[in-house]
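K.L.:
Under my numbering, the first residue of the sequence shown carries the number 555, and numbering increases by one thereafter. We put the beta carbon where it would ideally sit given N, CA and C, even for glycine.
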Amino acid sequence: MGNYLNPGNSGFAGIRNDIYIDKSGLINQTIDTPRRMTCVSRPRRFGKSFAAQMLCAYYDRTCDSAGLFDGLEIAGDAQFHNYLNRYDVIYLDMTGVIGETSIEDMIPYIQRNVTRELTELYPELKTVEGFTATLANAAAVAGNKFIMIIDEWAVPIREAKLRK
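(1) Determine the extent of the alpha helix (DSSP H) in which valine 651 is found, giving its start and end residues.
(2) Kindly indicate which three-state DSSP category methionine 591 falls into: helix, strand or coil?
(3) Apart from the five residues on each side of it in sequence, which residues of its chain come closer than 8 Å, Cβ to Cβ, to glutamate 678?
(4) Check whether the Cβ atoms of alanine 632 and leucine 622 lie closer than 7 Å to each other.
(5) Helix, strand or coil for tyrosine 574? Go by DSSP, reduced to three states.
(6) With 16 other CB atoms within 10 Å as the buried threshold, where does threonine 686 fall?
(7) Give the secondary structure of tyrosine 663 by DSSP, where H, G and I count as helix, E and B as strand, and everything else as coil.
(8) Looking at C-alpha atoms only, which residue of Tyr641, Arg666 and Ile657 is the closest neighbour of glycine 697?
(9) Between alanine 605 and glutamate 713, what straight-line distance do the alpha-carbon atoms span, to the nearest angstrom?
(10) At which residues does the beta strand (DSSP E) containing phenylalanine 634 begin and terminate?
(11) Using a Cβ-Cβ cutoff of less than 8 Å, which residues in the same chain neighbour isoleucine 664 once the five nearest sequence positions on both sides are dropped?
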């Protein structure tokens, strides 16, 4: 779809076409959880970006990812098909965002661009000054919750520290 909204499953498809160690059990930790946020925190080079791509492929409603999960642990879960490709996904790779704008403008930049993509997908969306309220309005218009995945979330912190 866009840069941030509904990224599809091509990232995970590329990973699955290479050497892949099944970490799809992580999806069980995000399915139907009472937690509103889940943080996957691992050391560098431990597959967090791969996990983010996997979650995008699993949840993104604009693609059919069932075949990508064939033979993986999650495919045997009773709830697997209940949530597969059912939601709009907002995917933020902070390394890409930092390359497009300054540290100072990062949050407004994300708000502007995600809001723009949401209004392209949902022209009837009522945008308001508060980003949280705009996201709530988008969920109401979509009739479904949104899944937000943030990869490389520490990049802005690291970059700000390097600039001091």
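P.N.:
Here's the rundown:
(1) Start and end: 648-652.
(2) When secondary structure is reduced to three states using DSSP, methionine 591 falls in the coil class, being assigned neither helix nor strand.
(3) Val695.
(4) Contact annotation: alanine 632 and leucine 622 have beta-carbon atoms that are not nearer than 7 Å.
(5) Looking at tyrosine 574 - three-state DSSP - the assignment turns out to be coil, as it is neither helix nor strand.
(6) Burial state of threonine 686 is exposed, judged by a 10 Å Cβ sphere holding fewer than 16 other Cβ atoms.
(7) Here tyrosine 663 sits in helix by DSSP.
(8) It is Tyr641.
(9) Their Cα atoms are separated by approximately 23 Å.
(10) Per DSSP, phenylalanine 634 is not a residue of any beta strand (DSSP E); the alpha helix (DSSP H) it occupies stretches across 634-637.
(11) Only Tyr558, Leu646 and Val651 meet the Cβ criterion.
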